[in-house]
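Residue numbers (the numbering used here): 32 to 504.
Heads up, the beta-carbon is just placed ideally off N, CA and C, and yes, glycines get one too.
Remember, predicted model here, so these are calculated numbers, not experimental data.
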Amino acid sequence: MASKGESTVNREAIFGLLPVTPKEREFTFYDFANVNVGLAIATWCFLIGGTMAFFVNLTDGLLAALLGNTVAVIIMAAATTLPSCKYGLEQYTALRSVFGTLGTKVVFLVVVLIVEFLWAAILAVMFGKAMQNVYVGLTGSTEAGQVLLIGFAVLAILVSWFVVWKGPATIRSLNKIIAPGLAIMMGIMIYLMVREFGAGGLLAAPPLDPHPNRWWNFMIAFELNLGAGFSWWPIMGGLARLTKNERAAFWPNMIGINLAAVVGTMVGLAAAITIGTSDPTQWMIPLGGAIFGILALVFVAFANVTSIMSLAYATCLAMKQVKAFLLMDWGKLTAVFFLPAAAIVFFPNTVYEGFGSFLAVCATFFGPLSGIYFVDYFLLRKQRLSLRNIYDLSPQSGYYFWGGINWVAVVAFVTSIWVYYLFLDPITFESSDMFLHFTASLPSTAYAMLAYYVVMKAVAVPKNVGFYLTQGR
32 MASKGESTVN REAIFGLLPV TPKEREFTFY DFANVNVGLA IATWCFLIGG
82 TMAFFVNLTD GLLAALLGNT VAVIIMAAAT TLPSCKYGLE QYTALRSVFG
132 TLGTKVVFLV VVLIVEFLWA AILAVMFGKA MQNVYVGLTG STEAGQVLLI
182 GFAVLAILVS WFVVWKGPAT IRSLNKIIAP GLAIMMGIMI YLMVREFGAG
232 GLLAAPPLDP HPNRWWNFMI AFELNLGAGF SWWPIMGGLA RLTKNERAAF
282 WPNMIGINLA AVVGTMVGLA AAITIGTSDP TQWMIPLGGA IFGILALVFV
332 AFANVTSIMS LAYATCLAMK QVKAFLLMDW GKLTAVFFLP AAAIVFFPNT
382 VYEGFGSFLA VCATFFGPLS GIYFVDYFLL RKQRLSLRNI YDLSPQSGYY
432 FWGGINWVAV VAFVTSIWVY YLFLDPITFE SSDMFLHFTA SLPSTAYAML
482 AYYVVMKAVA VPKNVGFYLT QGR
């Protein structure tokens, strides 16, 4: 039986920044695969499919989704889950070895925290939208409208906060139920669509509002899925540190947020191009009938909540990078995270209508961040980190770089966003001719990786600025 002191240390490892030891890790391969599937198949992936429906048919969409997600998830998952699992580190603590002890806070506060507030709000609004349609399906009344949507969205925030407060064991338990149920539901939805429209009808259905250039349509769909795959960057390391080995940390990503997400996206795309709406909460009842449609909506709605839980747990750990949050009680800390998200859900139409652009904006951030992290850990450090220097925040730390900031990483990251805009404006979708050949995420990510590697090899590594030549834990 663990002593009081051991229990305190264990709790700090699970709810704080201490490394999680192998015996403290709760996620097996199966557990993490369930978490990944629970993350992947929620209303957001149907909405991605609905967004793609404006541009591509089912055949082009499947190829774009599979290629985009696979490429992005491989880079993202390798860069985040493998170091976090190997060393039991929360992702942003490990990121001190890349951006410096102070630079990590800048990246987190300026980019990640704002984006994760929005993701939580988006998922909560999707929950509200789904439950609003359940209410309409059961009662036939549309009077409550917006008030009902917002009320359910706030409920999603409250339920998520309560579960995250309880910790990852509760998240794991819920996903053991949600993930298999989602897989069954996906199978039933595919069957219903084939029965209703036939395989030929699904394949022949045209996109809703395509651009005259078919290749441009494909590349936009490809770009959206690159953005979706890269957008998992902020949270996967925080979850993967709870896995029992690196195999269990990496490969469930390919099962869940890659393949399962593609299946869900294709269901959304197929429904949108055949039923005629890109809003997934409006086609489930017409497709499955009142009983199954309502059950599917309820199930998918609560899958949104499990996604919020995993997202919030990882982000709340990251918030401890800030001194004001470091010693804050876990329940209060999680409440602080959910307050901005709760405020955002009072503007549900803005959240819903801007989803496609928001997804593309995520790619401008998280593709280059994944690439820089990948280069630093695999190519420059040869998969070796120093825990002593990671937890040393003084100027004597090997990861202090220049004044606590790795300016090479910061400049490579910031300029990579400019490179993205040379190819595509993520808000208006206006693109250059180069976009048709390279997308926008891939060249901006490749630029960040190459620029970071070349400059670090020339400037930092020879002088051991950043603890590159001296290895050890």
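Distances from the alpha-carbon of I105 to those of V392, W264 and V439 put W264 closest.
For the pair E254 and Q427, the Cα-to-Cα distance works out to about 42 Å.
When rounded, the separation of the alpha-carbon atoms in Y222 and A302 is 12 Å.
In this structure D407 is buried. Its beta-carbon is surrounded by 16 or more other beta-carbon atoms within 10 angstroms. Under DSSP, the beta-bridge partners assigned to T274 are F58.
In this structure, P399 sits near T476, with a CB-CB distance shorter than 8 Å. Pairing G81 with L342, the inter-Cα distance amounts to about 23 Å. Taking 8 Å as the upper bound for CB-CB distance, Q352 and F139 are in contact here, some 6 Å apart. Around the CB of S425, fewer than 16 other CB atoms lie within 10 Å, so the residue is classed as exposed. Here the alpha carbons of P493 and S338 stand approximately 43 Å from one another.
The C-beta distance from A482 to A443 rounds to 5 Å, short enough to fall under 8 Å. The beta carbon of A210 lies closer than 7 Å to those of N65, V68 and G69 in the same chain, with the five residues before and after it left out.
Scanning its chain for C-beta atoms nearer than 6 Å, with the 5 sequence neighbours on each side dropped, one finds around Y451 the residues T395, A471 and S475, in chain order.
Leaving aside the five residues that flank A71 on each side, the residues in its chain whose CB is nearer than 7 Å to its CB run, in chain order, G287, I288, A291, A292 and G295. When DSSP states are grouped into helix, strand and coil, S462 belongs to the strand group. Within the segment 174-203, the alpha helix (DSSP H) runs of at least 4 residues that lie entirely inside it are, in chain order, 176-197. With three or more CB-CB distances shorter than 8 Å, the segment 85-96 counts as touching the segment 232-252.
Closest by C-alpha distance to Y118, out of V298, Y422 and G362, is Y422. If you look at S475, you'll find it in the alpha helix (DSSP H) that goes S472 to V486. L342 sits in a helix when the DSSP states are folded into three classes. Membership of Y166 in the alpha helix (DSSP H) is indicated by the continuous run L144 to T170.
Inter-segment contact for the segment 198-205 and the segment 47-67 is present: three or more beta-carbon pairs are separated by less than 8 Å. Sequence-distant Cβ neighbours of A479 in its own chain, meaning closer than 7 Å and more than five residues away, are P399, G402, I403, A443, F444 and S447.
Here L390 is near A259, since their CB atoms are less than 8 Å apart. A73 is positioned such that its CB atom lies no closer than 8 Å to that of N420. Burial check for T170: the Cβ neighbour count within 10 Å stays below 16, so the residue is exposed.
In the structure shown, W433 adopts extended strand secondary structure according to DSSP, grouped into three states. As DSSP reads the structure, L78 sits in no beta bridge. Per DSSP, the unbroken alpha helix (DSSP H) holding Y452 starts and ends at W438 to F454. In the structure shown, I316 adopts helical secondary structure according to DSSP, grouped into three states. Here V156 is buried: its Cβ has 16 or more other Cβ atoms, across all protein chains shown, within 10 Å. Going by DSSP, M107 is part of the alpha helix (DSSP H) stretching over L89 to Y118.
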